[in-house]
Each structure stands twice: as structure tokens, then as C-alpha cells.
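Numbering (my numbering), first residue to last: 3 to 95. Positions of the beta carbon are idealized from the N, C-alpha and C atoms, including for glycine.
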Amino acid sequence: MLLRLNIITHAQGSNKISLNNTDFGIESQTNYKEARTLVNEFQGAGFKSVIWDGRDNFGKKAASAIYIYRLLVEATPAHPEGYVLSRKMMLVE
3 MLLRLNIITH AQGSNKISLN NTDFGIESQT NYKEARTLVN EFQGAGFKSV IWDGRDNFGK
63 KAASAIYIYR LLVEATPAHP EGYVLSRKMM LVE
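In C-alpha cells:
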């Protein structure tokens, strides 16, 4: 599993979070302190990307800060206990 580092600005308007998933499973991607849930559905193996527009679940602009985004993969045949990957993302005004 590969999860990439991201730096975004509000001027850019959005951010792409990319990952290469080698397993099948339920994926849940959130930025921690749960500013927003980005994906919460079954995803097959392969290269994926998710766009975050820098807004929270209520549509408000997120504050300039370092955010942690997290990928949760539930149990799969290759990983019976599932796993979680986390990375940092910097959002600057």
C-alpha cells in the first residue's frame, strides 16, 4: 500500500490524495479530528485518488494547519486484521 504526501493551499482550491491499494476491502479516508470523511465504501485493488476541497463536513473552509489523513482498510484475505495508514498534509492560507 502506498499513500502519498500532500501540501495544499486555499488558492489551489482542492487537493488530490493518491493511493495504490493492493487489497480489496472497505476503505474509509478521513482527515483526523475528522474535518471530513472523504470515502467510506468498498474499493477494489488498484490506483485511486480522492479530491479534498479544503472544506469540512459542514462546507466551511478548514483552517491553515497540518492535518493527518488516515486510510482504514478492514480485514481482507491478505490482511485478516485490517490496517490503518496515516500521513500528514499541510494546508496553508
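Buried versus exposed, by CB contacts within 10 Å (16 or more), residue i
| i | result |
| --- | --- |
| Met92 | exposed |
| Ala37 | buried |
Which listed residue (the options) has its alpha carbon closest to that of residue i
| i | options | result |
| --- | --- | --- |
| Ser66 | Arg57, Leu74, Val52 | Arg57 |
| Gln45 | Tyr71, Thr78, Ala64, Ile70 | Thr78 |
| Ser88 | Lys63, Lys62, Ile68, Ala64 | Ile68 |
Proximity of residue i and residue j at Cβ, strictly below 7 Å
| i | j | result |
| --- | --- | --- |
| Leu74 | Trp54 | no |
| Ile70 | Lys50 | no |
Cβ shell of residue i (< 8 Å), same chain only, five flanking positions each side left out
| i | result |
| --- | --- |
| Val86 | Arg72, Leu73, Leu74, Val75 |
| Asn59 | Glu36, Ala37, Arg38, Thr39 |
| Pro82 | none |
Chain-order list of residues whose beta-carbon lies under 7 Å from that of residue i (same chain, five-residue window excluded)
| i | result |
| --- | --- |
| Ala64 | Ala37, Gly56, Arg57, Asp58, Leu93 |
| Arg61 | Checking the sequence shown, residue 61 turns out to be Gly, not Arg. Around Gly61: no qualifying Cβ. |
My parser needs the beta strand (DSSP E) runs of 3 or more residues fully inside the stretch 26 to 92; what are they? 27 to 33, 38 to 45, 48 to 54, 67 to 75
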